[in-house]
Amino acid sequence: AQSVTQLGSHVSVSEGALVLLRCNYSSSVPPYLFWYVQYPNQGLQLLLKYTSAATLVKGINGFEAEFKKSETSFHLTKPSAHMSDAAEYFCAVAHNTDKLIFGTGTRLQVFP
Amino acid sequence: SQTIHQWPATLVQPVGSPLSLECTVEGTSNPNLYWYRQAAGRGLQLLFYSVGIGQISSEVPQNLSASRPQDRQFILSSKKLLLSDSGFYLCAWSGRQGNFPGELFFGEGSRLTVL
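Below you can see the structure in the form of structure tokens.
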């Protein structure tokens, strides 16, 4: 069965600092992996996706994630946090199906 | 371009009352449609999934039901709400052609509070 684990339900960083949100997946076959962002009281929007074309995936708003098969990880990073990055971030996995399995989310706070 | 609409945005209902949340998609045909529930600290739980009119897959046993009376309309219902039905409900769609598995487009959500 597929699943994702997001380590840390809350992450706090200072504006300008590195953002690192962790995601580990469990899948018996190569997965499709995603990061979604949710701003308060809104739906989710896609940040980036891994489809096996390249292990380093660049997304919107300066975010990127690296697929590491040996570590079964797909951590999300951004070199310099901005106040507008404060939101909840969800990692998700799918395998040849349209059904996404989401992690429990990580709330990112950015302090001035 | 494709859009997805959900309503109502906010709903406060007493225990035992019925529920109807509606979702419509515009600008695409024959989409896959989904209902997710988001409860505090529990991430997103897939409730229902539909690949076509009248075709509904239930992912978890629960007090809720879903229907798809038209190609781009997805309705979430309950005959009698429970306190545990409170949460943020999200409708989503994905395409059949040109989208690889899993790229979902979400509505703005419906926040349900059961008192």
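Which chain is which? The protein sequence lines are H and Y, in order.
Count the first sequence with the working numbering and you get residues 28 to 139, in order.
Count the second sequence with the working numbering and you get residues 15 to 129, in order.
Glycine included, C-beta positions come from ideal geometry on N, C-alpha and C.
DSSP state of residue i mapped onto helix, strand, coil
i, result
"Ser111 (chain H)", "helix"
"Lys96 (chain H)", "helix"
"Gly123 (chain Y)", "coil"
"Leu45 (chain H)", "coil"
"Gly89 (chain H)", "helix"
"Ser31 (chain Y)", "coil"
"Ser98 (chain Y)", "helix"
"Lys126 (chain H)", "coil"
"Leu129 (chain Y)", "coil"
"Pro139 (chain H)", "coil"
"Arg87 (chain Y)", "In the sequence as presented, Arg is not what sits at residue 87 (chain Y); that position holds Gln. Reduced to three states, the DSSP call for Gln87 (chain Y) is strand."
"Lys93 (chain Y)", "coil"
"Gln69 (chain Y)", "strand"
"Gln20 (chain Y)", "strand"
"Ser55 (chain H)", "coil"
"Thr131 (chain H)", "coil"
"Ala149 (chain Y)", "No answer is possible for residue 149 (chain Y): it lies beyond the span of chain Y, which begins at 15 and ends at 129."
"Leu34 (chain H)", "coil"
"Cys118 (chain H)", "strand"
"Ser64 (chain Y)", "strand"
"Ala80 (chain Y)", "strand"
"Asn44 (chain Y)", "coil"
"Gln65 (chain H)", "strand"
"Thr104 (chain H)", "strand"
"Val39 (chain Y)", "strand"
"Ala81 (chain H)", "coil"
"Ala28 (chain H)", "coil"
"Ser108 (chain Y)", "strand"
Interface partners of residue i on chain H, CB under 7 angstroms
i, result
"Arg82 (chain Y)", "The premise fails here: Arg82 (chain Y) is roughly 15 angstroms from chain H at the closest Cβ pair, so nothing lies under 7 angstroms."
Local Cβ density within 10 Å of residue i, reported as buried at 16 or more and exposed below that
i, result
"Thr133 (chain H)", "buried"
"Asn68 (chain H)", "exposed"
"Arg56 (chain Y)", "exposed"
"Phe129 (chain H)", "buried"
"Ala80 (chain Y)", "buried"
"Gln84 (chain Y)", "exposed"
"Gly123 (chain Y)", "buried"
"Asn46 (chain Y)", "buried"
"Leu104 (chain Y)", "buried"
"Glu115 (chain H)", "buried"
Listed by chain order, chain H residues near residue i by CB distance under 9 angstroms
i, result
"Gly101 (chain Y)", "Within chain H, no residue comes near Gly101 (chain Y); the closest Cβ sits about 13 angstroms away, beyond 9 angstroms."
"Gly68 (chain Y)", "Those do not exist, as Gly68 (chain Y) stays about 18 angstroms from chain H at its closest Cβ, beyond 9 angstroms."
Partners in chain Y for residue i, counting only beta-carbon separations shorter than 9 angstroms
i, result
"Thr104 (chain H)", "The contacting residues do not exist; Thr104 (chain H) stays about 21 angstroms from chain Y at best."
"Gln72 (chain H)", "Phe119, Phe120"
Whole-angstrom C-beta distance between residue j and residue i, which should lie under 8 angstroms
i, j, result
"Tyr63 (chain H)", "Phe117 (chain H)", "5 angstroms"
"Tyr77 (chain H)", "Leu103 (chain H)", "The pair is not a contact, with the Cβ atoms about 11 angstroms apart (cut-off 8 angstroms)."
"Ile89 (chain Y)", "Glu36 (chain Y)", "5 angstroms"
"Val74 (chain Y)", "Asp99 (chain Y)", "Wrong, their Cβ atoms sit about 12 angstroms apart, outside the cutoff."
"Leu60 (chain Y)", "Lys96 (chain H)", "At roughly 26 angstroms, the Cβ-Cβ gap does not stay under 8 angstroms, so Leu60 (chain Y) and Lys96 (chain H) are not in contact."
"Gln33 (chain H)", "Cys50 (chain H)", "5 angstroms"
"Pro28 (chain Y)", "Lys93 (chain Y)", "Not confirmed; about 14 angstroms, so no contact."
8 angstroms Cβ cut-off: residues of chain Y touching residue i
i, result
"Phe101 (chain H)", "Simply none; closest approach about 13 angstroms."
"Phe117 (chain H)", "Gly57, Leu58"
Per-residue contacts from residue i into chain H (C-beta, under 8 angstroms)
i, result
"Gly123 (chain Y)", "Asn68, Gln69, Gly70"
"Leu25 (chain Y)", "Correct list: empty, because the minimum Cβ distance to chain H is about 14 angstroms."
"Leu104 (chain Y)", "Gly70, Leu71"
Chain-ordered neighbours of residue i on chain Y, where CB pairs are closer than 7 angstroms
i, result
"Lys126 (chain H)", "Leu60, Tyr63"
For this session: Evaluate contact between the stretch 78 to 86 of chain H and the stretch 22 to 30 of chain Y, counting only Cβ atoms and requiring at least three cross-stretch pairs below 8 angstroms.
Result: no
For this session: Report yes or no: do three or more beta-carbon pairs, one from the stretch 49 to 56 of chain H and one from the stretch 67 to 82 of chain H, lie closer than 8 angstroms?
Result: no
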